[in-house]
Amino acid sequence: MAGRLLEELNGVGEVKVGDTVLRSVRYQLEVWGEGTHDGQLAHPVIEGHIDLTGIGEAVVLAGPDSLTLTLEDGRRLLFSVADTGGKIVGRGILEAA
1083 MAGRLLEELN GVGEVKVGDT VLRSVRYQLE VWGEGTHDGQ LAHPVIEGHI
1133 DLTGIGEAVV LAGPDSLTLT LEDGRRLLFS VADTGGKIVG RGILEAA
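Residues in the sequence shown are numbered consecutively from 1083, following our numbering.
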């Protein structure tokens, strides 16, 4: 992984499609990146795993690129499912609550 590990996040959050909650899931995320000279985060990479038990079919029907994970602290992550084991890859940054 390029950069350095900036944050590790573990907890239970909600997977949503639009305003519809598909399920509460356990998540494990890692935020990787480099700081810039002005203190901003340059090209963050967010990846990890969620428990897909019981929502696999809903994820397929909803479309793997239309999902949001709301973390315990209220931040939100747009993400894509990378494999059937629950690996996810963030699409962008963690959005504030």
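By construction, the Cβ of each residue, glycine as well, lies at the ideal position given by its N, Cα and C atoms.
All figures in this text were calculated on a predicted structure; none of them were measured in a lab.
- Assignment of beta-bridge partners to residue 1125 by DSSP yields no partner.
- In the assembly as shown, residue 1135 is an exposed residue. Its beta-carbon has fewer than 16 other beta-carbons within 10 Å.
- In this chain, the beta strand (DSSP E) harbouring residue 1170 covers 1169-1172.
- By the beta-carbon neighbour count (other beta carbons within 10 angstroms, threshold 16), residue 1103 is exposed.
- Within the DSSP secondary-structure output, residue 1105 pairs in a beta bridge with 1097.
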